[in-house]
Amino acid sequence: MGANRDVLYEKLKALPPQRRAEVEDFLDFLVRKEARTAALDRLLSVAPALEAAGVPPLTEEEIQAEIDAARAERRARAAATRPPKDSV
282 MGANRDVLYE
292 KLKALPPQRR
302 AEVEDFLDFL
312 VRKEARTAAL
322 DRLLSVAPAL
332 EAAGVPPLTE
342 EEIQAEIDAA
352 RAERRARAAA
362 TRPPKDSV
(Lines of atoms letter the chains of each structure in order from A; the text may use other names.)
(Lines give C-alpha, C1' and ligand atoms only; values in the text may rest on other atoms or scores of the structure.)
Protein backbone atom coordinates (compact mmCIF):
# COMPACT_ATOMS: atom_id res chain seq x y z
CA MET A 282 0.00 0.00 0.00
CA GLY A 283 2.90 2.37 0.70
CA ALA A 284 4.01 2.52 -2.94
CA ASN A 285 0.45 3.15 -4.10
CA ARG A 286 0.09 5.89 -1.50
CA ASP A 287 3.29 7.56 -2.73
CA VAL A 288 2.13 7.41 -6.36
CA LEU A 289 -1.25 8.87 -5.43
CA TYR A 290 0.40 11.60 -3.39
CA GLU A 291 2.68 12.57 -6.27
CA LYS A 292 -0.24 12.68 -8.68
CA LEU A 293 -2.21 14.82 -6.25
CA LYS A 294 0.70 17.22 -5.79
CA ALA A 295 0.94 17.64 -9.56
CA LEU A 296 -2.64 18.93 -9.82
CA PRO A 297 -3.55 22.60 -9.61
CA PRO A 298 -5.38 23.65 -6.42
CA GLN A 299 -8.83 23.64 -8.05
CA ARG A 300 -8.39 20.05 -9.23
CA ARG A 301 -7.11 19.00 -5.79
CA ALA A 302 -10.29 20.47 -4.32
CA GLU A 303 -12.33 18.38 -6.77
CA VAL A 304 -10.42 15.26 -5.71
CA GLU A 305 -11.10 16.09 -2.06
CA ASP A 306 -14.82 16.57 -2.79
CA PHE A 307 -14.89 13.21 -4.56
CA LEU A 308 -13.12 11.51 -1.67
CA ASP A 309 -15.65 13.03 0.74
CA PHE A 310 -18.42 11.63 -1.46
CA LEU A 311 -16.84 8.17 -1.41
CA VAL A 312 -16.43 8.26 2.38
CA ARG A 313 -20.09 9.24 2.83
CA LYS A 314 -21.17 6.54 0.38
CA GLU A 315 -19.14 3.91 2.24
CA ALA A 316 -20.63 5.02 5.57
CA ARG A 317 -24.16 4.75 4.15
CA THR A 318 -23.42 1.30 2.76
CA ALA A 319 -22.00 0.14 6.09
CA ALA A 320 -25.03 1.53 7.94
CA LEU A 321 -27.39 -0.27 5.57
CA ASP A 322 -25.44 -3.51 5.99
CA ARG A 323 -25.70 -3.18 9.79
CA LEU A 324 -29.41 -2.48 9.52
CA LEU A 325 -30.07 -5.43 7.24
CA SER A 326 -27.99 -7.76 9.41
CA VAL A 327 -30.54 -7.51 12.24
CA ALA A 328 -33.54 -8.30 10.02
CA PRO A 329 -33.37 -12.09 10.54
CA ALA A 330 -33.19 -11.66 14.32
CA LEU A 331 -36.17 -9.29 14.29
CA GLU A 332 -38.16 -11.72 12.17
CA ALA A 333 -37.25 -14.63 14.45
CA ALA A 334 -38.33 -12.57 17.47
CA GLY A 335 -41.70 -11.93 15.87
CA VAL A 336 -41.24 -8.18 15.51
CA PRO A 337 -43.65 -6.98 12.81
CA PRO A 338 -42.17 -5.07 9.86
CA LEU A 339 -42.61 -1.29 9.78
CA THR A 340 -45.38 0.19 7.69
CA GLU A 341 -44.55 2.66 4.93
CA GLU A 342 -45.87 5.44 7.17
CA GLU A 343 -43.59 4.36 10.03
CA ILE A 344 -40.61 4.21 7.69
CA GLN A 345 -41.38 7.71 6.38
CA ALA A 346 -41.73 9.02 9.96
CA GLU A 347 -38.29 7.58 10.80
CA ILE A 348 -36.78 9.18 7.69
CA ASP A 349 -38.39 12.54 8.51
CA ALA A 350 -37.10 12.39 12.09
CA ALA A 351 -33.56 11.54 10.96
CA ARG A 352 -33.58 14.39 8.44
CA ALA A 353 -34.87 16.85 11.03
CA GLU A 354 -32.13 15.77 13.43
CA ARG A 355 -29.49 16.20 10.72
CA ARG A 356 -30.80 19.68 9.87
CA ALA A 357 -30.77 20.65 13.55
CA ARG A 358 -27.16 19.48 13.95
CA ALA A 359 -26.12 21.38 10.82
CA ALA A 360 -27.88 24.54 12.03
CA ALA A 361 -26.18 24.24 15.42
CA THR A 362 -22.73 24.21 13.81
CA ARG A 363 -23.38 27.20 11.52
CA PRO A 364 -22.33 30.64 12.77
CA PRO A 365 -25.19 33.11 13.35
CA LYS A 366 -26.10 35.06 10.22
CA ASP A 367 -25.40 38.46 11.81
CA SER A 368 -21.83 37.47 12.76
CA VAL A 369 -20.73 36.81 9.17
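In the working numbering, the protein residues as written are 282 to 369. Ideal placement from N, C-alpha and C gives every residue a C-beta, glycine not left out.
Delimiting residues of the alpha helix (DSSP H) encompassing residue i
| i | result |
| --- | --- |
| T362 | 341–362 |
| L324 | 298–326 |
| K294 | 283–295 |
C-alpha gap between residue i and residue j, whole angstroms
| i | j | result |
| --- | --- | --- |
| V288 | L311 | 20 Å |
| L325 | A357 | 27 Å |
| A353 | A284 | 44 Å |
| V336 | R323 | 17 Å |
| I348 | D309 | 23 Å |
| V304 | K292 | 11 Å |
| A295 | A360 | 37 Å |
| T340 | A346 | 10 Å |
| I344 | V327 | 16 Å |
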